[in-house]
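A.B. asks: From first to last, the protein sequence lines stand for chains A and B. The first sequence runs 3 to 483 under our numbering. The second sequence runs 2 to 456 under our numbering. One structure, pasted below without further comment.
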Amino acid sequence: MGFRRIFAAISALIVVTALSIATAIPVSLIYNDGVITHILMIVGTLLFVAGPAFLLLRDERAEYSLKDGFIIVSLSWIIVSAIGAVPFWITGSLPTFVDAMFESMSGFTTTGASVCEDVEKLPHSILFWRSLTHWLGGMGIIVLSVAILPLLGVGGMAMFKAEVPSPVMDKLKPTVTQTAKTLWLVYIILTVAEIVLLCLAGMNVFDSMCHTFGSMATGGFSTKNLSLAYYNSNAINIIITIFMLLAGLNFTLHYHALCGKPSAYTKSLEFLVYICVFSGATLFIAYNVYGLHHDSVSESLVQSAFQTASIMTTTGFASTDWEKWPWACQWILFCLMFMGGCAGSTGGGIKCMRLIIVAKHILRELKLLIHPRAVIAIKMDGKVVGTPIINSIMAFVALFVGVWSASTILLVIMEVDVITAIGASAATLSNIGPGLHLVGPLDNYGWMSHGCKILLIFNMLVGRLELYTVFILFVGDFWKR
Amino acid sequence: MSILIIGAGEMGYHLARRLSYEKQDVVIIDQSPDRVNFVSENLDVQALLGRGSSPVALEEARINSAQMLVAVTDSDEVNLVACMMAGLMNPFMKKIARLRRLEDYERSDIAAGKSFGIDLVISPEREAVAKLLQVLQVPAATDVVDFAEGRIKLFGFHLTVDSPLLGRSLMSLRSEFSSKRFLIPAIFRGSEIIIPGGKDILNPYDIVYLLAATETIPELMKMFGLKSTPPKSFMILGATTVGIQTALSLERQGAGRIRLIESDPVKCEEAAGLLDHTLVLKSDNVDEDFLRSEGIEETSVFLAMTEDDNHNALTALLAKRMGVHRVGALTNKVEYQRMLSAIGVDIVVNPRLAGASRILQFIRKGKVVSVSMLPGEVVEAIEFEAMETSQLVDRPLRKIRFPSGAILGAVQRGSEFLIPDGDTIIHPGDRVVVFTRREAIPKIEKLVTVGLEYF
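Printed below as a string of structure tokens:
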């Protein structure tokens, strides 16, 4: 572990963050929202501190080991979130630093859980930054840095792996930098498409940008207190549903499709399972809410599709208060929280691919009981999944459930009621946002104690970095030379 | 440039590593999942699981957009089929194939290269033998690199405890031997590599690299107290491809006595059939008594060339202890290279490294005449032709900002050999040798931009 190397990488990330905050400057100027001096001050300070370090260490042609990768990724997510919290805090938008940190971590990890009671009161530039954190965190701030800074090129794969949510990482291109650039390009293309469509559907440019950031990153921050229920427009709901579903898919598939091979989708088992689960849940919920809460068939279909997509992709937008829906519907949505999107998407959760492999593994165990001498290979899209990957996935799922239970228990100890605690820990660990009961779709996390908030900040971080990256830092062996 | 490598063995891995450091786009295919994992964890290249001879795998590796195919698996057949397949799928790409049994083609009418549309056919064993012979030409050298068609040589030698150079600074050496033109561009001390300045002092057991014009070398060696008599008798252990080829080449050069030891009777027969003057000895165990009975004391060079790396290293050390002045050992592991020379093996022969270097030279063909990595892969020697447009020419070197970690080693102008100083002016057309640490390579590239180009 070289501190110089780690410092070089982190100073680069701080510069990237500072430049991202700077994009709020034009927004502030356009809306004249009175926080321009704050933002300029923050950007200036960050560049002044990290800029020289970045320039000095730029030539550090370091090779990062896997170990460095874990440290850099965990550390930089904490640092970047802390920096991202400063605008919320300094402008007085949120009262304490813990609140600001919660908001910022929730942004970068694309959770979308808010502590803010009245978001419509916030200055426009702060709202913009709040949504932008989603967009940056969605594809990954390190993937972004790898794409634009040659600094992290050599050995960047280690960090890349630690950040991209996928059990198996395939490189699209020969080098990390090119792979990162390709992924960001796909991301940007989809983002621009959604902004244009939302504008056409009647949303203003500012709101459509913010909601696009929220949905492409599967985040869920809205610029309205009522989230998307504010617009009550089927066109907007349908557009956002489609883009949430796209964001929850593996970006490698989008890349192949954009290259002219749309058959990549149908060849992927993960895609098929994802779509089947989505359709099944949508139909079930639509059937149950039809006539009860929504009068027409189309209305109930749109609402149930939107809500299913929103929870399943771990976005967390609300188009209606689904806490009023029947318990069966709520329970289905709650289960979908754990599934999350596909591997290599911007979504959180356990991921479709892992669950498919777990299912196949269970099936294999059953078959082995019947034919003890059978040799059965677990395949994914025609490729054999090796035992080490299966083991790692089983452990991941177990750890995920373990962290969820532990944090639920801790929340209950800190005097949160059980239903809320179950919902809040699942919603933060899977990076969704809205949970159950007191933290439901139209509520927020503002009322919680600081202890609870810090626990949930941790949940969001480990959820986004897929557990191992953070938990490895707690293993004694890691620090021994 | 995007390069497709078939086979992630020792050679393929080494090539991929070098090329990815140079920021080339490398895709590597191997059929062992372990190798693929190993490569993708350690290198910034795309590693794919698949058979190099299968069109599906080649398609998946985007052969259509690659400019070069390097087939370096252990199997000649796979390499040939991969090249032929590449010829069908992308006729414009350059193709390099490793062939172990090159002599089969030489004995027939089929030319391995042309007949299969391969641009470069390479046999690592043959490259290793060529390199070994280069080294053997310079008495007492551990390593030799030729520049300017052999007119300049860079060679490394061990500093023994009785060397007259011990404790001397480079500055004092230069003033004492000012009549001779030479340069010490690198010193290997333990695991450290030093690009020395005038104040650095020579220690015992250092491996000193010296650059000089070829004709002055015998004289320099005499002044430095190095043994400069050409070797008279050779003992080679192992009738492997490298062993037999070395014996053959030595025979052709008319070297003195050559003895080849092998345990396998079949291989002995084969070797005896191929060789004329060499005495082939069959012996199961190579121990002190056997070596003594075969006259190890009178042997000037002992080369352990079996397929077993460990056996080679230990036997070479045994021979050294029994009084052989120069011993060599063959190894297939790149990591062993430095260690072996550190424990006293004078010449380390690594076919895969030699093969990889040859391929890299082919890939970088252009204005760069040659590129050689010194052991440890930290320092690289680049030979190039100074272009009129380069920033280096037509002004005194003093005025050029040279990156740290790099030195301009030598200039060959026609038949004249120069060790440049601050006042030297490089003319267009001069051959220039630069020594540089890996970190400084991009800066050197910038400096000679027009010189360092890929086709």
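C-beta atoms are modelled at their ideal positions from N, C-alpha and C, and glycine is treated no differently. Predicted, not measured: the structure shown is a model, and the values here were computed from it.
If you measure between the beta carbons of V139 of chain B and K154 of chain B, is that distance less than 8 Å?
C.D. replies: Yes. Within cutoff.
A.B. asks: Residues of chain A with CB under 8 Å from P34 of chain B, in chain order?
C.D. replies: In chain order: G388.
A.B. asks: Among B:A112, B:P205, B:A17 and B:I408, which residue has its Cα nearest to the Cα of L166 of chain B?
C.D. replies: Nearest option by C-alpha distance: B:P205.
A.B. asks: For the alpha helix (DSSP H) that contains Q338 of chain B, what are its first and last residues?
C.D. replies: Taken as a continuous stretch (DSSP letters only), the alpha helix (DSSP H) holding Q338 of chain B covers Y337 to A343.
A.B. asks: Would you say P89 of chain A lies against chain B (beta-carbon separation less than 8 Å)?
C.D. replies: Output row for P89 of chain A: interface = no.
A.B. asks: List the residues of chain A whose Cβ lies closer than 8 Å to the Cβ of D26 of chain B, in chain order.
C.D. replies: Ordered by position in chain A, the residues that pass the 8 Å Cβ test against D26 of chain B are K175, P176, T177 and Q180.
A.B. asks: Report buried or exposed for P125 of chain B, applying the criterion of at least 16 other Cβ atoms within 10 angstroms of its Cβ.
C.D. replies: By the 10 Å Cβ count, P125 of chain B comes out buried.
A.B. asks: Taking the CB atoms as reference points, tell me whether L185 of chain A and F253 of chain A lie closer together than 8 Å.
C.D. replies: Yes, these two residues count as a Cβ contact at 8 Å.
A.B. asks: When the Cα atoms are used, what is the spatial distance from L212 of chain B to I237 of chain B?
C.D. replies: Each residue's Cα considered, the two are about 29 Å apart.
A.B. asks: I190 of chain A: beta carbon under 7 Å from a heavy atom of the ligand ADP?
C.D. replies: Absent from the structure shown: the ligand ADP. Ligands present: none.
A.B. asks: Spell out whether any CB of chain A is found under 8 Å from the CB atom of Y455 of chain B.
C.D. replies: Because the pLDDT at Y455 of chain B is just 39, under 50, the model does not fix this residue reliably, and the point stays unresolved.
A.B. asks: With a cut-off of 8 Å, does the C-beta of S3 of chain B fall near any C-beta of chain A?
C.D. replies: Yes, because at least one Cβ of chain A sits closer than 8 Å to the Cβ of S3 of chain B.
A.B. asks: Is there a Cβ from chain A that is less than 8 Å from the Cβ of D45 of chain B?
C.D. replies: With 8 Å as the cut-off, D45 of chain B counts as an interface residue toward chain A.
A.B. asks: For the segment 212-247 of chain B, which segments carrying the beta strand (DSSP E) assignment without a break, of at least 3 residues, lie completely within its bounds, in sequence order?
C.D. replies: As far as the segment 212-247 of chain B is concerned, its whole beta strand (DSSP E) runs of at least 3 residues are 234-238.
A.B. asks: Name the one or two DSSP bridge partners that A305 of chain B has.
C.D. replies: DSSP, once it has assigned bridges, lists B:L238 and B:A330 as partnering A305 of chain B.
A.B. asks: Determine, using beta carbons only, whether V346 of chain B and A314 of chain B come nearer to each other than 8 Å.
C.D. replies: Their beta carbons are under 8 Å apart, which means V346 of chain B touches A314 of chain B by this criterion.
A.B. asks: Once DSSP output is grouped into helix, strand and coil, what is the label at M246 of chain A?
C.D. replies: It is helical.
A.B. asks: Helix, strand or coil: which one does DSSP assign to F456 of chain B?
C.D. replies: Legend: pLDDT at F456 of chain B = 35, less than 50; position of this residue unreliable, value from coordinates given subsequently. F456 of chain B falls in the coil class under three-state DSSP.
A.B. asks: Could you check the C-alpha separation between Q413 of chain B and V433 of chain B for me, to the nearest Å?
C.D. replies: Approximately 7 Å between the Cα atoms of the pair.
A.B. asks: Do three or more CB pairs link the segment 333-351 of chain A to the segment 234-241 of chain A at distances below 8 Å?
C.D. replies: The segment 333-351 of chain A, when compared against the segment 234-241 of chain A, does not touch it at the 8 Å Cβ threshold.
A.B. asks: Excluding the 5 residues preceding and the 5 following M86 of chain B in the sequence, name in chain order all residues of the same chain whose CB lies nearer than 7 Å to its CB.
C.D. replies: Contacts found: S54, P56 and L59.
A.B. asks: CB-CB under 8 Å to V207 of chain A, same chain, minus the five flanking residues each way: which ones, in chain order?
C.D. replies: The residues are I197 and C201.
A.B. asks: Nearest CA to the CA of L70 of chain B: which residue from B:S33, B:G274, B:D120 and B:F303?
C.D. replies: Cα-wise, what sits closest to L70 of chain B is B:D120.
A.B. asks: Could you round the C-beta distance between A26 of chain A and F99 of chain A to whole angstroms and report it? I think they count as a contact, below 8 Å.
C.D. replies: That belief does not hold up - the Cβ atoms of A26 of chain A and F99 of chain A are roughly 19 Å apart, past 8 Å.
A.B. asks: Can you give me the C-alpha to C-alpha distance between Q309 of chain A and S321 of chain A, rounded to a whole angstrom?
C.D. replies: Cα to Cα, Q309 of chain A sits roughly 7 Å from S321 of chain A.
A.B. asks: Using alpha carbons as the reference points, say which of A:P167, A:F223 and A:M161 lies closest to V178 of chain A.
C.D. replies: Of the candidates A:P167, A:F223 and A:M161, the one whose C-alpha sits nearest the C-alpha of V178 of chain A is A:M161.
A.B. asks: Just to check my reading of the structure: S147 of chain A and A14 of chain A have Cβ atoms closer than 8 Å, yes? What is that Cβ distance to the nearest angstrom?
C.D. replies: Indeed, because the Cβ distance is near 6 Å, the residues count as touching under 8 Å.
A.B. asks: Any chance you could list the alpha helix (DSSP H) runs of at least 4 consecutive residues sitting entirely within the segment 219-296 of chain A, in chain order?
C.D. replies: The segment 219-296 of chain A contains these whole alpha helix (DSSP H) runs: 236-249, 253-260, 265-269 and 271-291.
A.B. asks: Kindly indicate which residue of A:H439, A:Y470 and A:E417 has the alpha-carbon position closest to the one of S451 of chain A.
C.D. replies: The option with the nearest alpha carbon to S451 of chain A is A:E417.
A.B. asks: Who does Q47 of chain B pair with in a DSSP beta bridge?
C.D. replies: Partner(s): B:V28.
A.B. asks: Within a Cβ cutoff of 7 Å, which residues of the same chain sit near V399 of chain A, ignoring the five residues on either side of it in sequence?
C.D. replies: Cβ neighbours of V399 of chain A beyond the five flanking positions: I352, R356 and V360.
A.B. asks: Taking the C-alpha atoms as reference points, what is the distance between S342 of chain B and E216 of chain B?
C.D. replies: Near 27 Å, if we compare the C-alpha coordinates of E216 of chain B and S342 of chain B.
A.B. asks: Is the Cβ-Cβ distance between L171 of chain B and I194 of chain B less than 8 Å?
C.D. replies: No, they are not a contact pair.
A.B. asks: Roughly how many whole angstroms lie between the Cα atoms of V136 of chain B and G329 of chain B?
C.D. replies: So the two alpha carbons sit approximately 10 Å from each other.
A.B. asks: Since I believe V435 of chain B is in contact with A407 of chain B (beta carbons under 8 Å), could you give me their beta-carbon distance rounded to a whole number of angstroms?
C.D. replies: That pair is a contact at about 6 Å.
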